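Okay, so the sequence shown: first residue is 1427 according to the numbering used here, each after it adds one.
Think of the CB as a built atom: it goes at the ideal place given N, C-alpha and C, for glycine as much as any other residue.
Keep in mind that this is a model prediction, so the values were computed, not measured.
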Amino acid sequence: MAKKFISVLGTNDYLPCIYRCNGRDIGDLNKGLRFVQEATIREFCKDWNSDDAIMIFTTQESYQKNWLDNGQEKNPGPGLQSSLNQLVNKNWFTAHIKNIDLPTGKNETEIWQMFDIIYNSIDEGDEIIFDITHAFRSIPMLVMAVLQYAASLKNITLAGIYYGAMEA
């Protein structure tokens, strides 16, 4: 049984902010964290090992804009990949970081492809943490359907669903 963090990275130009969870601020209070995924991983995945996985699903556009460095024109900076690699370098966890390509979901065929890709990334007995913050429109509902399906067929457990409310 592995632990898996699942999140879908969006295309917006995310602003650094201070995330708060369980009554504690997460990250550098002077500069904040740009990606809620980093904050959630810092809080819930810090002791994960090489059997576990951080899975970030991206479309081609979100891969270019937010997974890789300097993808945003107005505010270039480190992408999520670099931010997560820094956590690995600081020995926060030894879980595998996986970027998984998703279609945009512009038609029924692509929506079913998304379902299959997400479902096939989950293994028997996995424990899942799901961050829904930046997933585009209907994707959180699709992932919830996948997780419910996987709970029945692969005996997974859902350890948590998280949303980073920047406005809060």
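Of the other Cβ atoms in all chains shown, fewer than 16 fall within 10 Å of the Cβ of residue 1449; this residue is therefore exposed.
Taken atom to atom, the span from the alpha-carbon of residue 1568 to that of residue 1434 is near 11 Å.
The beta-carbon distance between residue 1586 and residue 1445, rounded to whole angstroms, is 15 Å. This is too long to meet the 8 Å contact definition. In the three-state DSSP reduction, residue 1441 falls in the coil class, being neither helix nor strand. Non-local beta-carbon contacts of residue 1464 in its own chain, meaning distances under 6 Å to residues more than five positions away in sequence, involve 1509 in chain order. The region 1494 to 1514 makes no contact with the region 1541 to 1553; the number of CB pairs closer than 8 Å stays below 3. Out of 1474, 1530, 1547, 1517, the CA that lies nearest to the CA of residue 1524 is found in 1547. Between residue 1478 and residue 1429 a beta carbon distance of about 4 Å is seen, short of the 8 Å cut, so the two are scored as contacting. Sequence-distant partners of residue 1427 (beyond 5 residues in either direction) whose C-beta falls short of 7 Å from its own C-beta, in its chain, are 1551, 1552, 1553. Cβ-Cβ distances below 6 Å link residue 1566 to 1558 in the same chain, with the five nearest sequence neighbours on each side left out; the list follows chain order. Counting only the Cα atoms, residue 1488 lies some 10 Å from residue 1560. DSSP places residue 1489 within a helical segment (H, G or I) once states are collapsed to three. Per DSSP, reduced to three states, the secondary structure at residue 1433 is strand.
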